[in-house]
Amino acid sequence: MFYRQRTKLHRYFTHRPQPQKPWRHFLNVGFSLLTAALMLIVVVLQRDGKVWGKELHPVPSTAQADTLTTLSDGSLVVNTSELGKDIIGYGGPVPLAITIKDDTVRSITALDNSETPDFFAEVKPLLKLWENRSLSEADTLKVDVVSGATYSSRALIDNVRTGVHFLRDYQNTHSWWTQVDLSPKFWASLLVVLLAATLPLWVRNRIYRRIQQLLNVCVLGLWTGTFLNYAALLNYTANGINPIVLLVPTIMLVTAFVYPLFGKKSYYCSNVCPFGAAQDLMGILTQRKKVIPRRAIKALNLFRQLLWVALMLCMWTSLWFTWVEYEAFSAFIFESASPIVIGIAFVFVLLSLAIPRPYCRFVCPTGTLFKIAQKG
10 MFYRQRTKLH RYFTHRPQPQ KPWRHFLNVG FSLLTAALML IVVVLQRDGK VWGKELHPVP
70 STAQADTLTT LSDGSLVVNT SELGKDIIGY GGPVPLAITI KDDTVRSITA LDNSETPDFF
130 AEVKPLLKLW ENRSLSEADT LKVDVVSGAT YSSRALIDNV RTGVHFLRDY QNTHSWWTQV
190 DLSPKFWASL LVVLLAATLP LWVRNRIYRR IQQLLNVCVL GLWTGTFLNY AALLNYTANG
250 INPIVLLVPT IMLVTAFVYP LFGKKSYYCS NVCPFGAAQD LMGILTQRKK VIPRRAIKAL
310 NLFRQLLWVA LMLCMWTSLW FTWVEYEAFS AFIFESASPI VIGIAFVFVL LSLAIPRPYC
370 RFVCPTGTLF KIAQKG
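In the working numbering, the protein residues as written are 10 to 385.
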């Protein structure tokens, strides 16, 4: 008897699992996060041919007919052939190509014209005066005409001013601050997501949790339709994300992918996701829950994993990208959601009366990706 107790004590102290060191956990989860990111990158390269807004095979894309061209490096090139067609030099119009990047004039190139070569050679050096100046400086820069080539130099100056005016107007209408949504929906969703991202770290109160879940469903889900799903993740991976314009989704991404690096696994799914909250709220309406056998739970977990593998293979092989439109989250945007999606969401919310979070535990492809990204 004494020997058996001594053996148990010896086994306890010698085989007790050692706590994982924080830096090792950070590296393990970081590697898993990188793996998940690479999976998404492969998909968007197959579907869109670009990652974070960068084309795999850069080609210029033309916007606004031939007047404005956006290059693959983000530079804007304005062609004044149409804008300045009424600006006449000595021999006719004097069109220019003005290139800007980072709000700075990088180069100005004279295009084909009918000016006398000798006269035009005298005024061409004027173009250097605007280079490496900001658009506001270039717009107000005063340049004198060249004596002996008055018509050609004046046409050149007026073309530059016309092109710069056009670029400034374009930037004002396409700048990121004009895209920022400052509507009541934005402020409400920002407040709710900030509460969800912070308070559960310290508050362990059932009443607060129910209030937070109700806010997640009503504000993030039904009112603003803000959540993370595969469609959103692929969009952000392909086109990048402006954290100021898309502040609420950025905070959600932090809770989903950054929090697990610091030990807060499944934080988004547990505290932010509106569809998970909807299932929890439905579940509290009844205390009678169906007991699922352990073997059945293992089988359902395996089903979720195999489903995720199959869906990823469909995208990696370019067979079926549109399955991302059928995740249950889209039912919150019921004006545009398909009846199939609404039906899927309705069924799983009803199932929540008997089974806690059935969609999250046994189906959700987005949640499976999160689990892979935080494995460590």
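Note that CB positions come from ideal geometry on N, CA and C, so glycine has one too.
Nearest-angstrom beta carbon gap, residue j and residue i [assumed within contact, 8 Å]
i: R366; j: G285; result: 6 Å
i: S361; j: V350; result: No, S361 and V350 are not in contact; Cβ-Cβ is about 17 Å, not under 8 Å.
i: W232; j: K274; result: Not confirmed; about 28 Å, so no contact.
i: F266; j: A382; result: 6 Å
i: S162; j: E140; result: So it is not a contact: roughly 17 Å between Cβ atoms.
i: L77; j: V87; result: 5 Å
i: V263; j: T235; result: At roughly 14 Å, the Cβ-Cβ gap does not stay under 8 Å, so V263 and T235 are not in contact.
i: I109; j: L92; result: Between L92 and I109 the Cβ distance is about 15 Å, and since that is not below 8 Å, they are no contact.
i: D57; j: A247; result: 4 Å
i: A287; j: V358; result: 6 Å
Residue i - DSSP class collapsed to helix/strand/coil
i: A119; result: strand
i: A74; result: Unreliable placement is indicated for A74, whose pLDDT of 45 sits below 50; no coordinate value is reported for it.
i: P365; result: coil
i: P69; result: In this prediction, P69 scores a pLDDT of 49, lower than 50, which makes its location untrustworthy; the coordinate-derived value is nonetheless stated afterwards. Looking at P69 - three-state DSSP - the assignment turns out to be coil, as it is neither helix nor strand.
i: A197; result: helix
i: E91; result: helix
i: T235; result: coil
i: L360; result: helix
i: K133; result: helix
i: T79; result: strand
i: V114; result: strand
i: I293; result: coil
i: P104; result: coil
i: V60; result: strand
i: P166; result: According to the sequence displayed, residue 166 carries Ile and not Pro. Note: I166 maps to helix in three-state DSSP.
i: L85; result: strand
i: S161; result: helix
i: S143; result: strand
i: I96; result: coil
Cβ neighbours of residue i in the same chain (closer than 7 Å, five flanking residues each side left out)
i: V228; result: A197, S198 and V201
i: Y239; result: V333, E336, P374 and T375
i: Y268; result: Y276
i: R313; result: F371, V372 and T377
i: G83; result: K110
i: A45; result: L378, I381 and A382
i: M48; result: M321
i: P283; result: N225, V226, L229, G230, F236 and F341
Residues near residue i in its chain [Cβ-Cβ closer than 8 Å; skip 5 each side]
i: I166; result: L135, V152 and V154
i: W325; result: V51, V52 and Q55
i: I353; result: Y335, A337 and A340
i: D148; result: R170, V173, H174 and R177
i: A59; result: Reading off the sequence, residue 59 comes out as Lys, not Ala. So the qualifying residues of the chain are V53, L65, A247 and N248.
i: S192; result: none
i: L42; result: F266, P269, L270, A382 and Q383
Same chain only: Cβ atoms within 6 Å of residue i, ignoring 5 sequence neighbours per side
i: T113; result: S143
i: T118; result: A106
i: F379; result: A265
i: S90; result: P104
Minimum Cβ-Cβ distance from residue i to chain C less than 9 Å
i: M261; result: You won't find chain C in this structure, because it holds only one protein chain.
Give the list of continuous alpha helix (DSSP H) stretches no shorter than 4 residues that lie fully inside the region 240-282.
256-262 and 276-280
Give a yes or no on contact between the region 291-301 and the region 248-264, applying the rule of three or more CB pairs nearer than 8 Å.
no
Given 8 Å, three or more beta-carbon pairs between the region 165-173 and the region 94-110
yes
Could you give the uninterrupted runs of the alpha helix (DSSP H) lying entirely in the region 301-355, keeping only those of 4 residues or more?
303-325
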